[in-house]
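Novice: Residue numbers (my numbering), protein chains in the order written: chain A, 4 to 252; chain B, 4 to 252.
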DNA sequence: GCGTTTGATTGATCTCGATCAAGGTAAGAA
DNA sequence: TTCTTACCTTGATCGAGATCAATCAAACGC
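#1: Just the C-alpha distance for residue 46 of chain B and residue 117 of chain B, rounded to the nearest angstrom, thanks.
#2: By a C-beta neighbour count over all protein chains shown, 10 Å radius and 16 as the cutoff for buried, is residue 157 of chain B buried or exposed?
#3: Mind checking if residue 121 of chain B is an interface residue toward chain A, Cβ cutoff 8 Å exclusive?
#4: Using three-state DSSP, classify residue 220 of chain B as helix, strand or coil.
#5: Any beta carbon of chain A sitting closer than 8 Å to that of residue 151 of chain B?
#6: What are the partner residues of residue 106 of chain A, as DSSP defines its beta bridges?
#7: Just reading off the beta strand (DSSP E) that residue 242 of chain A is part of, what are its end residues?
#8: Determine which residues of the stretch 79-95 of chain A have a Cβ less than 9 Å from any Cβ of chain B, and write them out in chain order.
#9: Between the alpha carbons of residue 205 of chain A and residue 196 of chain A, how many angstroms are there, rounded?
#10: State whether the stretch 144-163 of chain B contacts the stretch 139-157 of chain A, with contact taken as three or more CB pairs (one from each stretch) at a distance under 8 Å.
#11: Taking DSSP's pairing of strands, which residues face residue 43 of chain B in a bridge?
#12: According to the Cβ coordinates, are residue 134 of chain B and residue 161 of chain A closer than 8 Å?
#13: Just the chain A side, please: which residues come within less than 8 Å of residue 139 of chain B by C-beta, in chain order?
#14: Could you check whether the Cβ of residue 144 of chain A sits closer than 8 Å to any Cβ belonging to chain B?
#15: Taking the DSSP output, what are the residues bridged to residue 66 of chain A?
#16: Quick test of your reading: residue 144 of chain B and residue 145 of chain A, contact by CB under 8 Å. State the CB separation rounded to the nearest angstrom.
#17: Have a look at residue 242 of chain B and residue 169 of chain B and give me their C-alpha separation to the nearest angstrom.
#18: Determine the chain B residues that contact residue 193 of chain A at a beta-carbon separation under 9 Å, and present them in chain order.
#19: Excluding the five sequence neighbours on either side, which residues of its own chain have a C-beta within less than 7 Å of the C-beta of residue 186 of chain B, listed in chain order?
#20: Going along chain B, which residues have a C-beta under 7 Å from residue 148 of chain A?
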């Protein structure tokens, strides 16, 4: 069985940003980088802070520099389902839309490299490559959402947990490249509750399945928030499919 | 509780097409309609025929004129999850992508108004309004996918069925406007099996929940494929949330 | 120190939807 | 007509994950 490469393609750095903005990648002309550089500023959100309320004006537009943010929808009776996960280099904001139908919440301390909205939109209009890049990113998000639907609709609790670990491992490796021998080590940027919202499970089931993967030797729990994976391929096999494991590119 | 309007916004007709293409809507300049008109042709697929195989070259690009097509992903062991539903006026094809990670299958006889790929892509490059429209449509699909994730992750079987009926009712009403008093009547364009793939359930559960909704008086089954809804708001309430019910606009 | 809070784990039990199985119904072929 | 096939329905039982509940551990304020 062939597996997708662990490390994602790189994106060009925007000026002195501590991350690689996906919105300005190799497809864009270098001059655009300087233009983006001129209209950006940084903004920080605390863990638990809501960055965007569902239905209200979206006043953030930029890239996640550090930390993790979640997109989630809530039913009137309180049931919650996470519908998106924003990790460093992911884009925040909806080009051409005033509002979003979901909450954006900081899972831990989040720094965002923010562009001023009117200036960014002016830049987009005058830069076809940038607009095409936004379409490309949105298609990637759509693919990720559809992979996620397969997970929610048809995978077992154990497969769901393994799939989530694969996604986090890939994203972590793409940013930090902390391989240990032929294994991996990474931090879980989400609480058990956030994981349960992601996977359509309860906290208890998440906890039990993580314990089960530990007992099977697939993962080693250093503490509740740090995981070692001795054999990455074994974890991939637990995830139940041979695709890229729902990598949100 | 306020509910979204039943009928979707209209889209401008492209020449003599029997449907309203979403790709060429009121946002686009009228001259573009004529240009699209010049590069189109019609193509028909039989029920059950695969229009696009997962991973293979996508050689279709256009709009669904009639019939219903489904997008679905399959796990190696055969478990299947539908990840998209294409009804008349929906766009088929992925701008700027060679392949798709899912199968596109005709649920019944499907007619597609197809554009020649290189010419359509040339038109898109030279028409910023069209490119922006494609981005807008992709964002709509993303919103629909996320609504669907909420359904798959957190709704009960009964709520799932009611939500699907709402989606079909809305789409049907937008196209045919067949209201009956303050109720509705429409055909189910999907088999029970396709519904179960859509909702992450088994055929048996779909059948049982439809029977249950019938017994509750929420719906009337004229036969296995035709439904009457005496009270649309009652059905909406069964769907479990006050949103637009996952309307794929 | 101690009490409180927040997040994680584990156990006991229940329930919704899956699974296994048997029939029913309508359309089409021989 | 009867046989076949595809699709749908209903019943009986099972089991994965939810729910209810207790315990534990680390962090924090007083």
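Even for Gly, the Cβ is constructed at its ideal location relative to N, Cα and C.
Specialist: Let's see:
#1: Indexing the second chain from 1 puts residue 46 of chain B at position 43. Indexing the second chain from 1 puts residue 117 of chain B at position 114. Roughly 7 Å between the two C-alpha positions.
#2: Within the second chain, the letter at position 154 stands for residue 157 of chain B. Taking all protein chains shown into account, residue 157 of chain B has 16 or more neighbouring C-beta atoms within 10 Å of its C-beta and is therefore buried.
#3: Your numbering for residue 121 of chain B matches position 118 in the second chain. Using a Cβ-Cβ cut-off of 8 Å, residue 121 of chain B does not count as an interface residue toward chain A, since no Cβ of chain A sits closer than that to its own.
#4: Counting from one through the second chain, the residue named residue 220 of chain B turns up at place 217. Correct three-state label for residue 220 of chain B: coil.
#5: Taking the first residue of the second chain as position 1, residue 151 of chain B is located at position 148. Answer yes: the Cβ-Cβ gap between residue 151 of chain B and chain A drops below 8 Å somewhere.
#6: To locate residue 106 of chain A, count along the first chain from 1; it is residue 103. Partner(s): A:75.
#7: Counting from 1 along the first chain, the entry for residue 242 of chain A is found at position 239. It is not in any beta strand (DSSP E) - residue 242 of chain A carries neither H nor E in the DSSP assignment.
#8: Within the stretch 79-95 of chain A, the qualifying residues are 79, 80, 82, 83, 84, 85, 86, 87.
#9: Along the first chain, one-based indexing puts residue 205 of chain A at 202. Along the first chain, one-based indexing puts residue 196 of chain A at 193. Separation of residue 205 of chain A and residue 196 of chain A (C-alpha to C-alpha, rounded to the nearest whole angstrom) is 8 Å.
#10: These segments touch.
#11: On the second chain, residue 43 of chain B is found 40 positions in, with the first residue counted as 1. The bridge partners DSSP lists for residue 43 of chain B are B:118.
#12: Here residue 134 of chain B is taken as the residue at index 131 of the second chain, counted from 1. Here residue 161 of chain A is taken as the residue at index 158 of the first chain, counted from 1. Not a contact, by the Cβ cut-off of 8 Å.
#13: Residue numbering aside, residue 139 of chain B sits at position 136 when the second chain is read from its first letter. From the beta-carbon of residue 139 of chain B, the residues of chain A found nearer than 8 Å are 99.
#14: In the first chain, the residue the question calls residue 144 of chain A occupies position 141. Residue 144 of chain A counts as touching chain B.
#15: Position 63 of the first chain, counted from the first residue, corresponds to residue 66 of chain A. According to DSSP, residue 66 of chain A bridges with A:94, A:116.
#16: As a first step, residue 144 of chain B is located in the second chain; it is residue number 141 there, counting from the start. As a first step, residue 145 of chain A is located in the first chain; it is residue number 142 there, counting from the start. Correct: roughly 6 Å between the Cβ atoms.
#17: By 1-based counting over the second chain, the position of residue 242 of chain B is 239. By 1-based counting over the second chain, the position of residue 169 of chain B is 166. Taking C-alpha positions only, residue 242 of chain B is separated from residue 169 of chain B by approximately 8 Å.
#18: In the first chain, the residue the question calls residue 193 of chain A occupies position 190. Against chain B, a Cβ distance below 9 Å from residue 193 of chain A picks out nothing, because the smallest value is about 15 Å.
#19: Position 183 of the second chain holds residue 186 of chain B. Taken in chain order, the residues that qualify are 231, 232, 233, 234, 235.
#20: Taking the first chain and counting its residues from 1, the one referred to as residue 148 of chain A is at position 145. 145, 148, 149, 152, listed in chain order.
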